[in-house]
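Heads up: the sequence shown begins at 654 in this note's numbering, then just goes up one per residue. Step one of this worksheet: look at the structure below.
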Amino acid sequence: MEEEQNYEFNLEEVPVRVRFNKIDNDYVIFFNQHHIVTDGWSVTVLAQELNSIYEMYLNAAQERVQPIPYSISEYAHWQQKHVTFSEEIEEMQSLLSGREATTLPQKPLNSGSRHFKKLVQILPLKLAESLTELAKKFHTTEYVVALSAFLLTLRRLKANSQDDSIVIGSPVLNRDEKVKDLMGYFLNNVVVSTDVRLSDSLGDVILSMKQTTAALRRFEKVPFHKLVARLSPKRQLNEHPLFQIFFNYRYGLEFPEVKIPGTKVEIDQLSMNKIFNLSVTIDNTSNGTSITMEYDSSRYRIETIRLVMRTMLRQFIAREIEEINLKVQVDYPKCIMSHGNALLRGSEFNSIIKGTKARSYAETDKVASAIAENLSDSCTKLLGCSVRSDDVIGLEISPEDAPELILAVHKVGTAYAPIDPLWPVLRKAQILEKMPVILNIQKDALTQALQYSARRRRRLNRISEYDIAYIIHTSGSTGIPKGVVLSHNNLGSFLRGANRQTLMRPSHRISNSVNIVFDVSVMNIFGAFVNACELCIHDNIRYAPFEVGKLECNFAFLTSATFNALTIDDLQKLTSLEKLFVGGEAVNDRVLSDALKLGMDITQIYGPTEGTVWSLTNRCKNLENEGSLIGRSMPNEFCSTKDNVYEGELVLKGPKVARGYINSNENTPFSSENGIKTYSTGDIVRREKEGFLFRGRIDDQIKIRGHRIETKEVKRAILSLSPQISDVCILPYENSVAALVVSSEPVHGKSMTKKLSHLLPSYMIPTRFIRIPSIPLNSSGKVDKDTLIKELSRIHSLDSEESSFSAEVTSSIEDGLIAIIRSLLNVREVNINESFFSLGGHSLLLFELRKQILDTFDVTIKVHELFANLTISELADLIANRKQVTTSESASIIITLRKTPQGKVNVYFVHAIGGSIFPYYAFLQLLPKEINIYAIEYKLHFTATSLKELAAFYAKAVSYDKTQVK
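See below:
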């Protein structure tokens, strides 16, 4: 049985096998067939035929079984000749234009080998009755209700949660009275294409699907292969052309019966979907209703399929969705008050370490207070009045000068806004124009402030929890930076939660490792001061990763881009840290794994500035895709996906959400639900057992030739190719994508393309690979894509071996293939790196392509090999390798029995029936020496499967024999 289930059919022969076995006292007949031979109805017809034929022989009846009026081949010929369906195909083409096959979130980097598993759920009686009641309520069929519930489930769980479109397949019987007794494959697939909104109820979808299914009846008889040929979708081996998810509802299902007098006959149908990535079948029988989900386990996790099952079953239950109540918001203490507490309990501790110099908390407070008096006087002179709440002071200073000045600004009762001195003049002007800065402190002004020794006066402004603490600027979609306004309550809420994660305590050393324009500096500075820690100042923050060991730091934060560039030796220098926090972007899995093997305690953080420093954390444990796992939310904060979908936009709620953007009148991602502040991040995440998995940005999703591309998925695939590749950036490039690769070895595009073809669909594979020394970073420590785009434009005209690969023809085999493709597809322009399907081919033409390759190159290639090598370049390599193997293999099977200088004629003896050439040694005595004698001995590894193929193989071996007399 297992042998038959795993048997692979040759589709050039009739793909049907019948075996008869006697097992103990039972007789078992195996009918094994490929899925294209017959449909389920045909099994019932077969059972009826067996009944009739057995009864005829049993009774020795003279009458033979009556022949049917016409055969399946005659019906197919009539259909091809008289029915075109051109109008219906054109209409369906219009309906499917620009719509993608719906998929669920998949495992990363599946290898292409498929493994199918099954999940079965028997519906409780009440749920089955609910299905029937809904059908009656909406005056429709149970099929429509079940299909609607499944579509609503897919909408909530689909991979692209931003898209309302759903495209799946569903079968139709496609039989009438004329063909009801024929055995064959009449079942046809229709493409169900509709829109389902997240806000839709099950009733909304049922009403919509009543109309959609009625309209689909027009396309029931359209041959599916003709529709595929017209649409010419991008084809992939092991991928269904128009949809990847299949839904079937079988009502009143009756299994076939064979009734033989005096004999008990049982029929077991052993079938498993091996076509679609997910096939869902609901069977309504007299014994109850069941749901069977057959899925490709190389693509989908069992947890995902179970979630589909649970979500679908919930659709039949009328109940209110419970709202998740957030914890009660708390007014957190102001940071100045917290710093005062640290000062009281930690005056004997050092607050700032800079080189060999140290400053105590008492000294730091004295300096900060003096600067505060200076700032207060300066602001009063400029404004003509005292400072007010929400006044902002700009700090255009270097990171090493920031801590005391930030404390001073808060002592004055104002907020600070960091400005990088190295920013372009235009960017600084845009920020200062939009932000109500009452004073902008630069390096010179700071020197004066530090020398100020005014009389201490208690006239500092009183602040409330919701006053501005600081403003951090992020890149805006319009090109103008956005100022994110964070309050003291936001900051206090964050610090309370972060203290539990960082475990900072008095005398601990904290690395001040980032620029103050990056919001993690807030954690470094305030986290250190409120916990009476020692803040270690670096002369240059770029060298921070290499100095934390020398400074004996206990805690450090590194941006992901910096962490991803570290070598094993660099990581060794960080092992003295108690805790290392990493974040900003996705972490390289390979570097993370190396660090964890060294015993490092690493926590990955995630959070937009709008959520106050970070919102989710993952204490890394070397799990699969650990670098993209951003974990769970902080205390007193709630994180979810928008509309609570399985994969979608991450939404933050709670007291850490910022007040908003400074002086912004445009629509913002901030909102309020039941008095709780909410922020939509624009980041796509997937809910997993270990927490949220980061999938990419909404605005990072590139659409190329109608296909949505996740740049993160392409990046992950390229990183997996070689340990020498340390980083990758993916950018749109000439209606395709380009990969900018940081590698210690040359990057060969042709080789990488071939490797990626086993990991990614063709439309996701970059057409250009560019080797760069490093990924440039902006002042916030994130990838500077503007610089990369300029670099891509600069080398656009270059065509070096390491930056791109040529599309020019390089061999006579490629020339021959181009001629075949032009003739077969009727096209003129052919690129050797373009897929056969993208040039206009389809799966049925692969058989003709295979035949023409055999005729032209005398090389046999299997259809599945064509699927795996769809470009001319790949096919040429395959043919060249096959010819080389064939030549060497063919020549090597010739055994020389005698070759003499007098030899004028060659005689070749083929082995006897047993495969041996031993009997032919007698001819050495019988034949004259003018005859050279050779023999061919049979070997088990020969690939021929028939006598004709074996003869052709031997003839080719003789023609390749270089020892023969010419």
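Even glycine gets a Cβ: it sits at the ideal position worked out from N, Cα and C. A quick note: this is a predicted structure, and the numbers were derived from the prediction, not measured.
With contacts defined by Cβ atoms closer than 8 Å, G837 and T964 do not form a contacting pair.
Per the coordinates, the alpha-carbon of L1219 lies some 25 Å from the alpha-carbon of K1007. Taking 3 residues as the shortest admissible run, the segment 732-799 contains the following complete beta strand (DSSP E) segments, listed from N- to C-terminal end: 769-775. Beta-bridge analysis with DSSP links K1007 to K1010 and I1190. Beta-bridge pairing by DSSP links R1340 to F1345. Counting the other Cβ atoms within 10 Å of the Cβ of E1187 gives 16 or more, which makes it buried.
In the same chain as V1516, and ignoring 5 residues on each side of it, the C-beta atoms closer than 8 Å to its own belong to L664, L1499, F1500 and R1503, in chain order. Secondary structure of Q1377 (DSSP, three-state): coil. The continuous beta strand (DSSP E) containing A1209 extends over residues F1208 to T1212. The way I'd put it, the segment 1177-1193 doesn't touch the segment 1226-1234; fewer than three beta-carbon pairs between them come closer than 8 Å. Spanning the alpha carbons of I1589 and G1494 requires a straight line of approximately 42 Å. When C-alpha distances from K770 are compared across K1081, E1366 and Y953, the shortest belongs to Y953. With fewer than 16 other beta carbons inside 10 angstroms of its own, K831 counts as exposed.
For F969, the closest of M862, E795 and A1061 by C-alpha to C-alpha distance is E795.
For H1126, the secondary structure class from DSSP, reduced to helix, strand or coil, is strand.
In this structure, the straight-line span from the alpha carbon of A1197 to that of N1177 is close to 13 Å.
The alpha-carbon separation between T1364 and D1018 amounts to approximately 48 Å. Beta-bridge pairing by DSSP links E1302 to I1337. Taking all protein chains in view, the Cβ of F1199 is surrounded by fewer than 16 other Cβ atoms within 10 Å, so the residue is classified as exposed. Taking L1276 as the centre and dropping the five residues before and after it, the same chain places the C-beta of L1282 and E1343 closer than 8 Å to its C-beta, in chain order. Around M1287, the same chain offers F1147, G1150, A1151, Q1154, W1267, S1268, L1269, T1270 and K1309 as residues with beta carbons nearer than 8 Å, after the five sequence neighbours per side are excluded.
Comparing C-alpha distances from G751 to each of D817, A713 and G1284 shows the shortest one belongs to D817. The segment 847-855 and the segment 1330-1348 do not touch, with fewer than 3 CB-CB distances between them shorter than 8 Å.
Taking C-alpha positions only, I725 is separated from S695 by approximately 12 Å. Counting only unbroken stretches of 3 or more residues, the beta strand (DSSP E) elements lying wholly within the segment 1550-1583 are 1558-1563, in sequence order. If you draw a straight line from the Cα of V825 to the Cα of I1255, it comes to about 55 Å. For I1091, the enclosing beta strand (DSSP E) has its first and last residue at V1090 to I1094. Of the candidates T1334, L1346, L1445 and F1179, the residue whose Cα lies closest to the Cα of P1385 is L1445. A buried status is given to R1312, since no fewer than 16 other beta-carbon atoms sit within 10 Å of its beta-carbon.
For P1399, the closest C-alpha among the options L1413, S1379 and S1410 is that of S1379. Counted as a single uninterrupted DSSP element, the beta strand (DSSP E) harbouring G941 occupies residues G941 to D949. With fewer than 16 neighbouring CB atoms inside 10 Å of its own CB, H878 falls in the exposed class. About 6 Å separates the Cβ atoms of L880 and M745, confirming a contact at the 8 Å cut-off.
By the neighbour-count definition (other C-beta atoms within 10 Å, threshold 16), S1029 is a buried residue. Per DSSP, T957 lies in no beta strand (DSSP E); the unbroken alpha helix (DSSP H) holding it starts and ends at I955 to R967.
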